[in-house]
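Worksheet: one structure, shown below.
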Amino acid sequence: MVKNLKLLFDFIRPFVSKSRLIVLLAQWALIPVLVGLTSAELSAQGVTPTSIAIGMSSPQTGSESSVGVDYLLGARLAFDDANKDGGVFGRQVKLTVIDDAGKADTTAANTKKLIADGSFALFGFYGGNNTLAALPAINEARIPLVGVFTGNQSLRDPPNRYVFHARTGYYAEIAHVAKRLTAMAADRVAVVHFDDRGGKDSGERTAVEFRNLGVKVPAVIAIERGSTKVDAAAATLAKADVQWVVMILTNKTAAALIQKTRELGGLYQFMSLSFTNAAALIKDLGNKSTGLAFSQVVPFPMAGAGSKLVAEFRELAGTRVPINYVSMEGFVTAKLMLEGLRRAGKDPTREKFIAGLESGRAIEFDNYSLRFTPQERAGGQFVELTVVDRRGQLVR
């Protein structure tokens, strides 16, 4: 467009006065704003007449890959279904995924590459530390990110204009867990968390919530992120004399801790926040998982849930995709991305996408509702508890 305006300017220059040229230049400068972006500029933001590019950094390998793999499988169900029906305004949604193995520095590098390669928006990042590492590139590019698999409070407070959270934050999740366990007569609770920034914040918040409800918290224990070296933590729990242990850990660390405490004769009940992949932890523990409790931040995905959203997910998953809370979260978050693309309109820009999602209009997925405003980016408030029965199945 700029080149065409210059040609027009050169053509009429001999025929108009200098003052008139100044007026025309001022008017022409507004033309790109008035008529929207050119096709070339849209393409630079990942939009072509037939496709729209979405980028994702995810742990497809490494110790945290059970989450990354299942989340992606669930997300692809929604994207593939939309593409089968013609995409969004005739554009196919093209998802590019780069493995980060759960490493924050790799996530940061992947983010820069996804932006440089022309992603319209980013989707489904994993972990608080990883996403915090990616934020400088996200902020600089002014590119929206929809969905982060973490309840990390530092990503929510203060809210980042470009990050839309589908899942409930840890503070709300922790408050729900504390109230429920207190109602179940829990009066001595230990907390085990990772020793990184997000883990410490969530662990301290958990202790505060329980203490505010009159529950004693004799032990708050930190473990190196991703480590399975849990002997010291298990020994501390053995001395703490608690009823419940609330874990804010990934499944490999949680499994190691539970197994070690059982070896030491510990009979505590364990509650894990939603960051743990429940299906993977149950598989790792086998029959030792009976009685293990989890908080969940997306609807119950199992048969008989009585939800149109869950029925759609289960029908699309069939036997190809594992049906669990992680794949369900990927599916729901992909549907949020698709709704954002629809709200951006036939000629989408990143700013239109952001404006559409933050409009305050509720996004209803049957029994699961999200709502964003310019001041609020934590759209979801859903929390419920589940427990593993004797069959090794999660029940509500």
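In the numbering used here, the protein residues as written are 8 to 403.
Glycine included, every Cβ here is placed at the ideal spot set by N, Cα and C.
- When you compare only the Cα positions, how much space is there between Phe277 and Phe320? 29 Å
- Query: Leaving out five residues before and five after Arg398 in sequence, what residues of the same chain have Cβ atoms less than 7 Å from its Cβ?
  - Reply: none
- Item | Exposure of Leu121, with buried meaning 16 or more beta-carbon neighbours within 10 Å | buried
- Should Asp107 be labelled buried (16 or more other beta-carbon atoms within 10 Å of its own) or exposed? buried
- Message: For Ala3 and Ser234, I'd like the C-alpha separation in whole angstroms.
- Response: As shown, the chain starts at 8 and ends at 403. That puts residue 3 outside it, with no answer to give.
- Message: Using C-beta distances below 6 Å, list every residue in its chain close to Ala341, excluding the 5 sequence neighbours before and after it, in chain order.
- Response: Ala82, Ala85, Phe86
- Query: For Gly387, which residues of its own chain have a beta-carbon under 6 Å away from its beta-carbon, when the five flanking residues on both sides are left out?
  - Reply: Ala173, Arg174, Thr175, Leu377
- Message: When you compare the CB positions of Glu216 and Ile265, do they come within less than 9 Å of one another, or not?
- Response: no
- Query: Terminal residues of the continuous alpha helix (DSSP H) containing Tyr375?
  - Reply: Careful: Tyr375 lies outside any alpha helix (DSSP H), inside the beta strand (DSSP E) at 375 to 377.
- Query: Under 9 Å between the Cβ atoms of Ser302 and Val390?
  - Reply: yes
- Message: Looking only at its chain, what residues have a beta carbon closer than 7 Å to the beta carbon of Phe379, apart from the 5 residues adjacent to it on each side?
- Response: Phe171, Leu364, Glu365, Gly386
- Quick one: give me the first and last residue of the alpha helix (DSSP H) that Ala144 is part of. 135 to 148
- May I ask you to verify whether the segment 271 to 287 touches the segment 217 to 233, counting CB pairs closer than 8 Å and requiring at least 3? no
- Run through DSSP, which three-state label would Leu28 get? Any reading at Leu28 is ruled out, since the residue's pLDDT is 46, under 50, leaving its predicted position unreliable.
- Looking at C-alpha atoms only, which residue of Ile61, Thr114, Gly125, Tyr133 is the closest neighbour of Thr103? Ile61
- Query: What distance in whole Å lies between the Cβ atoms of Ser65 and Asp131, which are believed to be in contact at a cut-off of 8 Å?
  - Reply: The amino acid at residue 131 is misidentified as Asp; the sequence shows Gly. Right, the Cβ-Cβ distance comes to about 6 Å (below 8 Å), so this counts as a contact.
- Query: Can you name, in chain order, every residue of its own chain whose Cβ lies under 6 Å from the Cβ of Gly69, other than the five neighbours on each side?
  - Reply: Ala108, Gly109
- Span of the alpha helix (DSSP H), counted from its first residue to its last, around Leu299: No alpha helix (DSSP H) holds Leu299; DSSP gives it neither H nor E.
- Message: Just to confirm before moving on: does the CB-CB distance between Ala263 and Ala226 stay below 9 Å?
- Response: no
- For Glu101, write down the residues that DSSP places opposite it in a beta bridge. Before going further, note that residue 101 is Lys rather than Glu in the sequence given. Partner(s): Ala60.
- Message: I need the DSSP call for Met335, collapsed to helix, strand or coil.
- Response: helix
- Cβ pair Thr111, Asn137 closer than 9 Å: A small correction: the amino acid at residue 111 is Ala; Thr does not occupy that position in the sequence shown. Yes. Within cutoff.
- Message: Which of the three DSSP states is assigned to Val76 in this structure?
- Response: helix
- Query: Identify the residues that DSSP records as bridge partners of Ile370: which are they?
  - Reply: Leu377
- Based on Cα-Cα distance, which residue from Gln99, Ala89, Arg327, Val305 lies nearest to Val333? Val305
- Where does Arg195 fall in DSSP's three states? strand
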